[in-house]
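*Asks:* For the sequence shown, this note's numbering assigns the number 5 to the initial residue and increments by one for each residue that follows. Glycine included, C-beta positions come from ideal geometry on N, C-alpha and C. I have a structure here, written as C-alpha coordinates, and I will follow up with some questions on it.
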Amino acid sequence: MLESGVDPSLAPDARGGQGGARVDAVNAFRLATRGGAEALGLPVGAFREGMEFDAMLVDPAVEAGTLRVFDEDVEGARLLERVLYGTSKPNITSVWVNGEAVVG
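And the structure:
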(Lines of atoms letter the chains of each structure in order from A; the text may use other names.)
(Lines give C-alpha, C1' and ligand atoms only; values in the text may rest on other atoms or scores of the structure.)
Protein backbone atom coordinates (compact mmCIF):
# COMPACT_ATOMS: atom_id res chain seq x y z
CA MET A 5 0.00 0.00 0.00
CA LEU A 6 2.66 2.53 1.01
CA GLU A 7 4.89 1.56 -1.90
CA SER A 8 2.06 2.24 -4.34
CA GLY A 9 1.55 5.76 -3.01
CA VAL A 10 -1.73 5.12 -1.18
CA ASP A 11 -2.31 7.37 1.83
CA PRO A 12 -3.25 4.99 4.71
CA SER A 13 -4.82 7.85 6.66
CA LEU A 14 -7.69 7.98 4.15
CA ALA A 15 -10.77 5.90 4.87
CA PRO A 16 -10.79 2.70 2.75
CA ASP A 17 -13.88 3.79 0.81
CA ALA A 18 -12.15 7.09 -0.06
CA ARG A 19 -8.97 5.52 -1.42
CA GLY A 20 -10.34 2.58 -3.43
CA GLY A 21 -8.31 -0.60 -3.78
CA GLN A 22 -8.82 -4.08 -2.39
CA GLY A 23 -10.66 -4.70 0.83
CA GLY A 24 -9.03 -6.96 3.41
CA ALA A 25 -5.47 -5.97 2.47
CA ARG A 26 -3.02 -6.63 5.31
CA VAL A 27 -0.23 -4.44 6.62
CA ASP A 28 2.88 -6.31 7.76
CA ALA A 29 4.38 -5.79 11.23
CA VAL A 30 7.18 -3.49 10.03
CA ASN A 31 4.79 -1.12 8.26
CA ALA A 32 2.25 -1.30 11.11
CA PHE A 33 4.99 -0.27 13.56
CA ARG A 34 6.13 2.56 11.30
CA LEU A 35 2.57 3.83 10.82
CA ALA A 36 1.93 3.72 14.57
CA THR A 37 5.14 5.56 15.45
CA ARG A 38 6.82 7.70 12.81
CA GLY A 39 3.77 7.84 10.55
CA GLY A 40 1.55 9.17 13.33
CA ALA A 41 4.18 11.70 14.36
CA GLU A 42 4.53 12.95 10.78
CA ALA A 43 0.76 13.24 10.39
CA LEU A 44 0.52 15.32 13.57
CA GLY A 45 3.78 17.25 13.10
CA LEU A 46 5.20 16.01 16.42
CA PRO A 47 8.90 15.48 17.28
CA VAL A 48 8.35 11.82 18.24
CA GLY A 49 8.31 8.42 16.59
CA ALA A 50 12.03 7.83 16.00
CA PHE A 51 15.24 7.36 18.01
CA ARG A 52 17.03 10.47 16.77
CA GLU A 53 18.66 13.51 18.31
CA GLY A 54 16.08 16.20 19.00
CA MET A 55 13.20 13.75 19.28
CA GLU A 56 11.25 13.21 22.48
CA PHE A 57 12.08 9.83 24.04
CA ASP A 58 9.10 7.58 24.70
CA ALA A 59 9.88 3.88 24.96
CA MET A 60 9.21 0.68 26.83
CA LEU A 61 11.44 -2.24 27.73
CA VAL A 62 9.89 -5.60 26.91
CA ASP A 63 11.11 -8.76 28.67
CA PRO A 64 9.99 -12.00 26.97
CA ALA A 65 11.27 -14.09 29.90
CA VAL A 66 8.62 -12.88 32.36
CA GLU A 67 6.59 -15.98 33.22
CA ALA A 68 3.28 -14.13 33.69
CA GLY A 69 3.61 -12.51 30.26
CA THR A 70 2.26 -13.83 26.98
CA LEU A 71 5.27 -12.97 24.79
CA ARG A 72 7.19 -16.04 23.68
CA VAL A 73 10.30 -15.75 21.53
CA PHE A 74 11.86 -18.86 20.03
CA ASP A 75 15.23 -19.35 18.34
CA GLU A 76 13.77 -18.96 14.86
CA ASP A 77 12.19 -15.62 15.87
CA VAL A 78 15.32 -13.81 17.01
CA GLU A 79 15.81 -11.34 14.19
CA GLY A 80 14.20 -8.79 11.94
CA ALA A 81 10.55 -8.56 11.04
CA ARG A 82 9.68 -11.89 12.67
CA LEU A 83 10.91 -10.69 16.08
CA LEU A 84 9.12 -7.35 15.69
CA GLU A 85 5.91 -9.22 14.83
CA ARG A 86 6.23 -11.35 17.97
CA VAL A 87 6.79 -8.28 20.15
CA LEU A 88 3.96 -6.23 18.60
CA TYR A 89 1.33 -8.95 18.69
CA GLY A 90 2.47 -11.07 21.64
CA THR A 91 3.41 -8.61 24.38
CA SER A 92 1.16 -8.33 27.42
CA LYS A 93 1.35 -5.98 30.41
CA PRO A 94 3.59 -8.25 32.54
CA ASN A 95 6.19 -8.31 29.71
CA ILE A 96 6.60 -4.51 29.95
CA THR A 97 9.20 -3.97 32.66
CA SER A 98 10.12 -0.29 32.18
CA VAL A 99 8.51 2.72 30.51
CA TRP A 100 9.93 6.15 29.64
CA VAL A 101 7.84 9.18 28.69
CA ASN A 102 9.62 12.26 27.35
CA GLY A 103 12.91 10.84 28.63
CA GLU A 104 11.67 10.27 32.18
CA ALA A 105 11.33 6.77 33.65
CA VAL A 106 7.72 6.35 34.77
CA VAL A 107 7.68 2.57 35.35
CA GLY A 108 10.52 0.29 36.40
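From what residue to what residue does the alpha helix (DSSP H) around A59 run?
*Replies:* Counting along the chain, A59 falls outside any alpha helix (DSSP H), though it belongs to the beta strand (DSSP E) covering 59 to 62.
*Asks:* Across the segment 45 to 53 and the segment 81 to 100, are there enough close Cβ pairs to call them in contact, namely three or more that are closer than 8 Å?
*Replies:* Judged by Cβ distances under 8 Å, the segment 45 to 53 makes no contact with the segment 81 to 100, as fewer than three pairs qualify.
*Asks:* Three or more C-beta pairs closer than 8 Å, one from the segment 25 to 41 and one from the segment 73 to 92: is that the case here?
*Replies:* Taking 8 Å as the limit for Cβ pairs, the verdict is that the segment 73 to 92 does touch the segment 25 to 41.
*Asks:* How long is the line joining the alpha carbons of E76 and A36, rounded to whole angstroms?
*Replies:* Each residue's alpha carbon lies about 26 Å from the other.
*Asks:* Is it buried or exposed for L71, if we count other Cβ within 10 angstroms and need 16 for buried?
*Replies:* Looking at its Cβ environment, which holds 16 or more other Cβ atoms inside 10 Å, L71 is buried.
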